[in-house]
Amino acid sequence: SQQGEEDPQALSIQEGENATMNCSYKTSINNLQWYRQNSGRGLVHLILIRSNEREKHSGRLRVTLDTSKKSSSLLITASRAADTASYFCATVDSGNTPLVFGKGTRLSVIA
Amino acid sequence: DAGVIQSPRHEVTEMGQEVTLRCKPISGHDYLFWYRQTMMRGLELLIYFNNNVPIDDSGMPEDRFSAKMPNASFSTLKIQPSEPRDSAVYFCASSSTLGGMSYGYTFGSGTRLTVV
């Protein structure tokens, strides 16, 4: 069953613009993670944010977490064509369970 | 480390045939996960192992599915008999912790299964 739900399902932007993807979830979490999946490939871990953290940065990535709203956002700044991929949020419940993934956002960055 | 290695990359089989998917996790990772990805249902956890022991197989859809981990460096997912609705991409992932607290899960490239 899905825990996280990403929004939008698909996003198309021009190179250089910022891309924002949102994730909502249902239960109390231990941590939330974002993954990227290029077409025909496996998922790659991007960033992890713990339930007691509100914001985290990694290079051009910025993740926020609002546990009161049970939501997270992933911001990719100055996007590049190589950022074209599907992005998934995944959560670990507060009971420390395996990752449960959302259905993802398909990002297209047009050069 | 070469990462999580899955084989085969693609498998096309006829309905009713037995299918075996293979996975080699990253050395030193105590947890191994099998996920299935479809357009309709997204990524679903099928089963996971801790130190080669199956912990939770509640995601295995039917008795036709079985998984084993005979040692720390090898796992198999078997479907017998296969059906067209089993067509999906099957991913193996490994991690040093259940929640992926250190570096998340490391995924293999997947096996794309087509049952005709």
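Sequences listed follow chains A and B, in order. Residue numbers in the first sequence follow our numbering, run continuously in steps of one, and reach 111 at the last position. Residue numbers in the second sequence follow our numbering, run continuously in steps of one, and reach 227 at the last position. Just so it is clear, CB atoms sit at the ideal spot from N, CA and C, and this is done for glycine as well.
Neighbourhood of residue i by C-beta distance below 8 Å, restricted to the same chain and skipping five residues each side
| i | result |
| --- | --- |
| B:M126 | P192, S193, E194, P195, V226, V227 |
| B:Q130 | According to the sequence as given, residue 130 of chain B is Val; it is not Gln. Contacts found: E122, T124, K189, I190, Q191, S193, D197, L224, V226. |
Contact set for residue i: own chain, Cβ-Cβ below 6 Å, skip 5 residues either direction
| i | result |
| --- | --- |
| A:S1 | Note that A:S1 scores a pLDDT of 49, beneath 50, so its modelled location is shaky; the value from the coordinates is reported in the next line. Excluding positions up to five away in sequence, the list is empty. |
Amino acids of chain A, ordered along the chain, whose beta-carbon sits closer than 8 Å to that of residue i
| i | result |
| --- | --- |
| B:L224 | Going along chain A, no residue has its Cβ under 8 Å from B:L224, so there is no contact; the nearest lies around 14 Å. |
Limits of the beta strand (DSSP E) - the one that residue i falls within
| i | result |
| --- | --- |
| A:I110 | 105-110 |
| A:E17 | Per DSSP, A:E17 belongs to no beta strand (DSSP E) and is neither H nor E. |
| B:M180 | 176-182 |
| B:P172 | No beta strand (DSSP E) contains B:P172, which DSSP labels as neither H nor E. |
| A:D93 | 85-93 |
| B:E122 | 121-124 |
| A:N63 | Residue identity differs from the one stated: residue 63 of chain A is Val in this sequence, not Asn. From DSSP, the beta strand (DSSP E) with A:V63 extends over 61-66. |
| A:R80 | Per DSSP, A:R80 belongs to no beta strand (DSSP E) and is neither H nor E. |
| B:L157 | 153-161 |
| A:I47 | 43-50 |
Whether residue i touches residue j by CB criterion (7 Å)
| i | j | result |
| --- | --- | --- |
| B:S213 | B:H140 | no |
| A:E15 | A:A85 | no |
| A:I13 | A:V109 | yes |
| A:L32 | A:I49 | yes |
| B:G219 | A:G42 | yes |
| B:F202 | B:G215 | no |
Best match in the options for proximity to residue i [C-alpha to C-alpha]
| i | options | result |
| --- | --- | --- |
| A:S72 | A:R41, A:Q37, A:T20, A:A78 | A:T20 |
| A:L74 | A:N31, A:I29, A:Y35, A:T27 | A:Y35 |
| A:D83 | A:D7, A:G4, A:N18 | A:N18 |
| B:L209 | B:S118, B:K179, B:S138, B:Y159 | B:Y159 |
| B:S177 | B:A183, B:S184, B:L157, B:N163 | B:L157 |
Contacts that residue i makes with chain A (C-beta to C-beta distance below 9 Å)
| i | result |
| --- | --- |
| B:Y159 | P98 |
| B:F202 | G42, L43 |
Contacts around residue i, its chain only, beta-carbon distance under 7 Å, and the 5 residues preceding and following it disregarded
| i | result |
| --- | --- |
| B:N161 | D141, Y142 |
| A:K56 | I47, I49, V63 |
| A:R114 | Because residue 114 of chain A is not part of the residues shown, which for chain A are 1 to 111, the question remains open. |
| B:E155 | Y146, R147, G170 |
Chain-ordered chain B contacts of residue i [CB-CB under 7 Å]
| i | result |
| --- | --- |
| A:Q33 | G211, G215 |
Listed by chain order, chain B residues near residue i by CB distance under 9 Å
| i | result |
| --- | --- |
| A:R54 | Those within 9 Å of A:R54 in chain B number zero; the least Cβ separation is about 18 Å. |
Proximal chain A residues relative to residue i, where beta-carbon distance stays under 7 Å
| i | result |
| --- | --- |
| B:Q220 | In the sequence as presented, Gln is not what sits at residue 220 of chain B; that position holds Ser. Ordered by position in chain A, the residues that pass the 7 Å Cβ test against B:S220 are R41, G42. |
Exercise. Compile a chain-ordered list of the residues in the region 57-71 of chain A whose CB is closer than 9 Å to at least one CB of chain E.
Key: Absent here is chain E; the protein component of the structure consists of chains A and B.
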